[in-house]
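Written out below as structure tokens is the structure these notes cover.
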Amino acid sequence: MAQKKMILDLDTGIDDALALAYAVGDPNVDLIGVIASYGNTYVETAAQNSLNLLHLLGADEVPVFLGESHASTADHFDVMPISQLIHGKNGVGEVTLDVAPRGVEKQSGVDFLIASAHQYAEDLIFIPTGPLTNLATAIKKDAEVAHLIGNTTLMGGALTVPGNVSPFTEANIHQDPEDADYAFTRQKNLTMVGLDVTLRTLLTKTETAAWRALGTSAGEKYADLMDFYIDAYYNLDIDKKGAALHDPLAVAVGIDPTYVTTMPLAMHVTYDRDSGDYGRTIGDKEKLLEPTTTKAAILVDTTRFVSDFQKMMLAVLA
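With positions in the sequence shown counted from 1, the corresponding number in the numbering used here is that position plus 71.
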């Protein structure tokens with residue numbers, strides 16, 4: 072049993088599936104639960120995808136909880152067409168997975184996060200890889216959550232590069248900028264792993280061929296879904312050199328921060344719909360001289376991370 076406990080908050084698409092495998096495989100953490108979110112797909116689909124992937128990985132003991140189903144400022148959620156092109160309509164590259172024997176937990180994801188924050192405190196690593204609605208909702212319900220969680224490492228945002236939804240807005244932040252701002256300005260020990268670093272970590276079909284060569288069901292299924300992702304990157308002209316390891320990089324940094332170089336910065340998220348300044352992750356100029364417990368990753372040891380990621384995947388998928 073590892074001392075550090077991890078909760079993943081996933082809108083389970085393809086890179087979320089990679090993050091899940093990494094968390095299952097790393098011996099330095101115990102994955103104690105997965106909270107489903109909306110984003111790449113609907114929250115119910117994300118939850119079932121997580122359960123099915125955990126089953127594929129031989130980790131049925133990990134519980135999955137339903138999080139919030141839409142943004143705090145909306146009454147419903149629609150999957151963006153581009154998300155379906157990148158992740159497939161089922162969220163996992165149209166790959167068919169065996170249905171897990173375990174179902175979704177009755178406790179809500181928000182309540183599970185609150186209880187875990189109180190139980191594990193500084194030993195808890197929280198990794199949200201979709202919108203920050205679940206985290207913000209937990210803080211609104213119990214303000215102590217913002218101070219209890221030892222390490223929150225999120226995948227989202229863009230500080231030094233353009234966004235992937237607008238010139239300055241990244242997709243996860245774009246789903247709920249209001250709650251993203253709420254979380255950024257309250258959550259302590261928060262690290263943003265954004266497009267600044269994730270776009271530098273690319274996987275190719277050379278690596279997925281090695282997964283397939285393992286001859287296991289997990290190796291074949293993961294190679295199929297990742298090849299779908301790589302093809303989407305190529306066909307949509309996102310990147311023809313490979314597909315970015317967005318979410319697994321956040322997991323890895325949550326466990327070992329030395330993969331990235333960070334800049335301390337009191338960040339906030341803009342949400343002015345009238346001006347169009349909506350969903351930008353940026354430093355708060357009013358707090359530039361104040362102490363900060365938030366930071367943004369701006370550089371990554373690409374060679375080390377991609378190599379370590381591949382070693383981890385080969386071990387997990389074997």
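Quick reminder that beta carbons are idealized off the backbone N, C-alpha and C, glycines included.
Name the one or two DSSP bridge partners that residue i has.
i, result
"MET263", "LEU225, ALA367"
"VAL105", "LEU79, VAL135"
"ARG351", "THR240"
"VAL340", "THR352"
"PHE197", "ILE78, THR223"
"VAL100", "LYS75"
"LEU408", "Here the chain comprises residues numbered 72 to 389, so residue 408 is not present and cannot be evaluated."
"THR332", "LEU370"
Find the nearest neighbour of residue i within the set the options, judged by alpha-carbon distance.
i, options, result
"ASP80", "PHE136, THR231, SER378, ALA229", "PHE136"
"ALA254", "GLU278, ILE220, ALA186", "ILE220"
"ASN235", "ASP149, LEU307, HIS147, GLY354", "LEU307"
"VAL377", "LEU359, ASP348, LEU273", "LEU273"
"PRO233", "GLU132, MET226, GLU241", "GLU241"
"HIS141", "LEU122, ASP86, ASP250, GLY129", "ASP250"
"THR277", "ALA88, LEU125, LEU385, SER143", "LEU385"
"ARG271", "ASP310, HIS218, ILE326, LEU359", "ASP310"
"THR144", "THR208, GLN155, GLU115", "THR208"
"ARG173", "ALA281, ASN120, ALA88, TYR191", "ASN120"
"ASP149", "VAL114, LEU359, ASP302, SER179", "VAL114"
"ASP348", "PRO319, LEU320, PHE239", "PHE239"
"THR112", "PRO98, LYS160, ASN99, GLY96", "LYS160"
"TYR300", "GLY164, ASP146, HIS147", "GLY164"
"GLU182", "HIS147, THR223, GLY138, ASP146", "The displayed chain sequence assigns Asp, not Glu, to residue 182. The residue with the shortest Cα to Cα distance from ASP182 is GLY138."
"ASP146", "GLN246, ARG344, LEU359, TRP282", "GLN246"
"ARG344", "LEU320, THR223, PRO248", "PRO248"
Whose C-beta lies closer than 6 angstroms to the C-beta of residue i among residues of the same chain, with five residues either side of it excluded?
i, result
"THR275", "GLY313"
"VAL322", "ALA90, TYR93, ALA94, ILE198"
"GLN381", "GLU278"
"PRO134", "GLY104, GLU176"
"HIS372", "A small correction: the amino acid at residue 372 is Asp; His does not occupy that position in the sequence shown. Counting only Cβ-Cβ distances below 6 angstroms, and skipping sequence neighbours, we find TYR330."
"ILE157", "ALA303"
"LYS267", "First, the residue type needs correcting, since residue 267 is Asp and not Lys in the sequence shown. Result list for ASP267: LEU230, THR231, VAL232, ILE369, in chain order."
"ASP86", "HIS317, ASP318"
"SER346", "none"
"ASN99", "ALA73, ILE326"
Residues in its own chain within less than 7 angstroms of residue i by CB, not counting five upstream and five downstream?
i, result
"MET72", "ASP101"
"THR256", "HIS339"
"ALA289", "LEU127, LEU128, LEU388"
"ILE185", "ALA209, LYS212, ASP213, VAL216"
"ILE244", "GLY227, GLY228, ALA251, VAL340, GLY350, THR352"
"HIS218", "LYS259"
"MET383", "TYR93, GLY96, ASP97"
"HIS189", "LEU219"
"ARG192", "The question names Arg, but residue 192 is Ala in the sequence shown. LEU219, GLY221."
"SER284", "As written in the sequence, residue 284 is Ala, which differs from the Ser given in the question. There are no such residues."
My understanding is that residue i touches residue j, with C-beta atoms under 8 angstroms, so please give their C-beta distance in whole angstroms.
i, j, result
"ALA130", "ALA118", "In fact, because the Cβ distance is near 15 angstroms, the residues do not count as touching under 8 angstroms."
"LEU225", "MET263", "6 angstroms"
"GLY265", "GLY228", "4 angstroms"
"TYR109", "ASP252", "18 angstroms between Cβ atoms; not a contact."
"LEU316", "THR374", "Actually they do not touch by this definition, with Cβ atoms about 13 angstroms apart."
"LEU195", "ILE369", "So it is not a contact: roughly 25 angstroms between Cβ atoms."
"SER237", "GLY350", "7 angstroms"
"LEU336", "LYS366", "6 angstroms"
"THR364", "LYS259", "5 angstroms"
"THR116", "GLY180", "Rounded, the Cβ-Cβ distance is 15 angstroms, inconsistent with contact."
"LEU125", "ALA88", "The Cβ separation is near 10 angstroms, so there is no contact."
"SER187", "ILE78", "6 angstroms"
Taking 8 angstroms as the limit between beta carbons, can you name the residues of its chain near residue i, skipping five residues before and five after?
i, result
"TYR305", "LYS311"
"THR333", "THR262, LYS366, ALA367, ALA368, ILE369"
"ILE153", "LEU307"
"GLU357", "none"
"GLU361", "ALA337"
"GLN74", "ASP194"
Between residue i and the ligand COA, is the CB less than 7 angstroms from at least one heavy atom?
i, result
"ALA171", "With respect to small molecules bound, the structure shown includes none, and the ligand COA cannot be examined in it."
contact_flag[the region 290 to 304, the region 160 to 179] where n(CB pairs < 8 angstroms) is 3 or more:
yes
Are there three or more Cβ pairs, one per stretch, closer than 8 angstroms when the region 187 to 202 is compared with the region 81 to 88?
Verdict: yes, contact present.
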